[in-house]
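Notes follow once the structure below has been shown.
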Amino acid sequence: MTDDQLAICLDAALVVEDRRDWLDVQRRARPRRRWLTRPPGLLAAALVVAGGGSLALGLGAKLLDKDVPPKVRSQLQHALDPPEPADGAPPWVGQMEHLGKIVKGSEHRVLRVQTPKGPISLYVARTTRGGYCVMTQGPGAGGGGCNSTGKVFPRYPIDYGLMASRGSQVLDGHAGQKGAYAVSIRFRGLPAKRIVLTEGWFLYPIPRARRAAGKHPIVAVDVLSQSGHRLATLHDPLGLNRPKPHFTTPIPSSVRLLSSQELPNDGGTVTLWDGRDREGHRCFRHLRNGKSQQSPVWECRAETNRYWFAPPTGRHIPVRWEMGLRNDGRKGAEFGHAYAYGWAAPPVVSLKLRFQDGSQRAIPLHDGDYLYVVPKANWPAGHRPSILLGYDANGRQVFRQFLYPRQHCIYPGHDPLCKNLGMGTG
Amino acid sequence: VTGESAAALEALYRERYPRFVATAAAIAGPEQAHDAVQDAFARALRARRAPADADGLERYVWRIVANTAKDALKRRPEASLDEALALHAIDQARDPAIAEALRGLPPRRRAVVFLFHLADLSLAEIAELLGISQGTVSATLAQAREALRQALEGATP
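The listed protein sequences correspond, in order, to chains A and B. Sequence positions in the first sequence follow our numbering and run 85 to 510. Sequence positions in the second sequence follow our numbering and run 1478 to 1634.
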């Protein structure tokens, strides 16, 4: 038995009651005088009043918790509960899962990891339905989402996120298995790295050599019990073995022009096309002035005209809504254009667009596809498209998507801060 | 300490808490371990200067944890290293072989094993902490390892 094995044995045999409490450390680090200047009775009374009878000590911890910046609290709340339309339109039901609400005061920082580019923090809040919302902040991180139930499914043993920005990359995840104590991140050609979980969470800034394009990429993440027993494995989190996208083009004789419309401000013509490839998939493309605005030019895939993916969950939805946009805030509404395109698949057979001002209009479908140039009158705030509605053959509303009309810079208009961001609603 | 060092301290605390507590238990006893670790980190937070690099910071904190645990032990004159480790950190049901092997070690050897293997302290630091010479630490460690190896390999079916 080597020294390393001996250390591993000892480590694995440790049974320590997990009483991690960083707030307690911070309290102990404060000068005592600060506390002695406060009348103890008054302090306790204030705590009890503020907490509606909660235990003073527990609430004290909450009151002293300055770890969660207001911006993060807001982001956690937003991840769970996107803003509803403020124009009296029906609420957004595109988010079909009922996520519940954030448990008040449950927002807290779980992890903070130092990297050469600065610290990365991971914040978590509990939801009333037993799930959680997570948010990361820092170099390489920045984003998050919610898990509706907090349940662990065998196919997805780790609820993980992989984020990249400014040259940094971060893997974060939650292992919710009973008895989960640590994760072991396995690399190609290097020994694994073990990270002890904090409240089930881990955060790993991925060094360059261990990323997908590096020499020693991450190949799997194991969830370990305290004794080192493997509870579950997440395979290939970087998608190294993911099948490569397979692009085909339509059979030339099947290509049809479905719609052609003029764009305002001398923007030219936008056209919508369809076809069918040799594998039997429907194909879809749109061109502006004869040039493709997307890559690949043709989309001939299983989902084309059959379904679409609802961000951020990836659930299948029947309607795809995309926007083509050109604007420049320095030039105002006399420049640019905005159009929407996509498809509606069964059970949706007709589409209607509702605007912020309460008006609505049908969007014509061409064999399931649509192209809609947003008129200039609907560019100003207060008149923008706000909700996309889908109806089945019986006229029943079966789909609804909120289009975030108050998003900044989404339509041409005068705002020097808005350059052509290529952003769209939806 | 500065904001960055405080963040690094917090990360270290969250990641290594079990090791710190186990080691503190090896020195001061199980009942004092958690308090010793909390106090040690509080002392590190209050410190005006702390090493900026991660390795240096961890060694610095280990020294504080070990000293704080030792101070906690001094406050309990009836306590001794004999009760250190006890059965608190070792789960007999999970791994009876390791529990038995560790229980079979004299207290000083147990402490040295923990401080060296889990706390990653150097021989000199362990010597300073336990008030013995570096040579004694080295010899004690060798004896402890050998005894553990024999016990564990003998227990392997």
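Glycine is no exception: its CB is placed at the ideal position from the N, C-alpha and C atoms. Note that this is a predicted model, so its numbers are computed, not measured.
Quick one: measure Cβ to Cβ for residue i and residue j, integer angstroms, because I've assumed they're closer than 8 Å.
i                : j                : result
V156 of chain A  : Q221 of chain A  : 6 Å
V199 of chain A  : P289 of chain A  : Strictly speaking, residue 199 of chain A in this sequence is Thr, with Val absent from that position. Indeed, because the Cβ distance is near 5 Å, the residues count as touching under 8 Å.
P1495 of chain B : V280 of chain A  : 7 Å
G452 of chain A  : Y425 of chain A  : Not really, about 12 Å apart at Cβ, beyond 8 Å.
K201 of chain A  : S252 of chain A  : 6 Å
A259 of chain A  : S309 of chain A  : At roughly 10 Å, the Cβ-Cβ gap does not stay under 8 Å, so A259 of chain A and S309 of chain A are not in contact.
V482 of chain A  : P448 of chain A  : Going by Cβ atoms, the distance from V482 of chain A to P448 of chain A rounds to 18 Å, so no, they are not a contact pair.
Q1611 of chain B : A1621 of chain B : Q1611 of chain B to A1621 of chain B, Cβ: 15 Å. No contact.
A428 of chain A  : L435 of chain A  : 5 Å
T388 of chain A  : F368 of chain A  : 5 Å
A1543 of chain B : Q1509 of chain B : Between Q1509 of chain B and A1543 of chain B the Cβ distance is about 13 Å, and since that is not below 8 Å, they are no contact.
Given this structure, state the Cα-to-Cα distance separating residue i from residue j, to the nearest angstrom.
i                : j                : result
S1482 of chain B : R1520 of chain B : 13 Å
A1513 of chain B : R104 of chain A  : 13 Å
P1554 of chain B : A1546 of chain B : Caution is warranted here: a pLDDT of 49 is assigned to P1554 of chain B, below 50, making its placement in the model unreliable, and the coordinate value is therefore given only provisionally. The alpha-carbon atoms of P1554 of chain B and A1546 of chain B are separated by roughly 14 Å.
A296 of chain A  : F271 of chain A  : 10 Å
F1497 of chain B : G257 of chain A  : 24 Å
R458 of chain A  : R390 of chain A  : The amino acid at residue 458 of chain A is misidentified as Arg; the sequence shows Val. Answer to the nearest angstrom: the Cα atoms are 25 Å apart.
G229 of chain A  : S376 of chain A  : 33 Å
L342 of chain A  : R292 of chain A  : 47 Å
V1589 of chain B : I1541 of chain B : 17 Å
H1511 of chain B : A1505 of chain B : 10 Å
G474 of chain A  : Q440 of chain A  : 17 Å
K299 of chain A  : S1615 of chain B : 39 Å
G273 of chain A  : D412 of chain A  : 50 Å
K262 of chain A  : E283 of chain A  : 12 Å
A477 of chain A  : V433 of chain A  : 6 Å
M247 of chain A  : P275 of chain A  : 23 Å
V305 of chain A  : P321 of chain A  : 8 Å
D358 of chain A  : E406 of chain A  : 16 Å
D1516 of chain B : W392 of chain A  : 55 Å
L371 of chain A  : L356 of chain A  : 7 Å
P223 of chain A  : A461 of chain A  : 41 Å
E1623 of chain B : S1599 of chain B : 19 Å
A1499 of chain B : A394 of chain A  : 48 Å
Y240 of chain A  : L1606 of chain B : 47 Å
P1583 of chain B : L1625 of chain B : 11 Å
A1527 of chain B : A209 of chain A  : 32 Å
S344 of chain A  : H450 of chain A  : 11 Å
R1587 of chain B : A1503 of chain B : 7 Å
P402 of chain A  : G479 of chain A  : 16 Å
K188 of chain A  : G214 of chain A  : 13 Å
R278 of chain A  : A113 of chain A  : 30 Å
E191 of chain A  : Q444 of chain A  : 40 Å
S337 of chain A  : R360 of chain A  : 9 Å
Check whether the Cβ atoms of residue i and residue j lie closer than 8 Å to each other.
i                : j                : result
H421 of chain A  : N349 of chain A  : yes
N231 of chain A  : Y216 of chain A  : yes
V267 of chain A  : L1522 of chain B : no
A1501 of chain B : L1534 of chain B : no
I242 of chain A  : T211 of chain A  : no
V354 of chain A  : L455 of chain A  : yes
F1593 of chain B : I1609 of chain B : no
A1578 of chain B : L1618 of chain B : no
L195 of chain A  : R1491 of chain B : yes
L318 of chain A  : V303 of chain A  : no
A446 of chain A  : P496 of chain A  : no
L287 of chain A  : V197 of chain A  : yes
G465 of chain A  : R438 of chain A  : A small correction: the amino acid at residue 465 of chain A is Ala; Gly does not occupy that position in the sequence shown. No; because the gap between Cβ atoms is not below 8 Å, this pair is not in contact.
L315 of chain A  : Y423 of chain A  : no
R410 of chain A  : G351 of chain A  : yes
H400 of chain A  : A386 of chain A  : no
M219 of chain A  : L255 of chain A  : no
Beta-carbon of residue i versus every beta-carbon of chain C: anything under 8 Å?
i               : result
Q159 of chain A : Structure shown: chain C not included; protein chains present are A and B.
Q: Spell out a yes or no on whether the region 481-491 of chain A and the region 463-470 of chain A are touching, meaning 3 or more CB-CB pairs, one atom from each, closer than 8 Å.
A: yes
Q) Which parts of the region 390-418 of chain A are runs of the beta strand (DSSP E), unbroken and 3 residues or longer, counting only runs that do not cross its ends? A) 392-394, 399-401 and 403-410
Q.
Under 8 Å, with one C-beta from each stretch per pair, do the region 195-206 of chain A and the region 234-241 of chain A reach the 3-pair mark?
A. no
(Q) So, does the region 330-341 of chain A touch the region 380-388 of chain A, judging by three or more C-beta pairs under 8 Å? (A) yes
**Q.** Continuous beta strand (DSSP E) assignments of at least 3 residues falling wholly in the region 344-399 of chain A
**A.** 352-360, 366-372 and 392-394
Q. Which runs of the beta strand (DSSP E) fall wholly inside the region 447-484 of chain A and span at least 3 residues, in chain order?
A. 453-457 and 469-475
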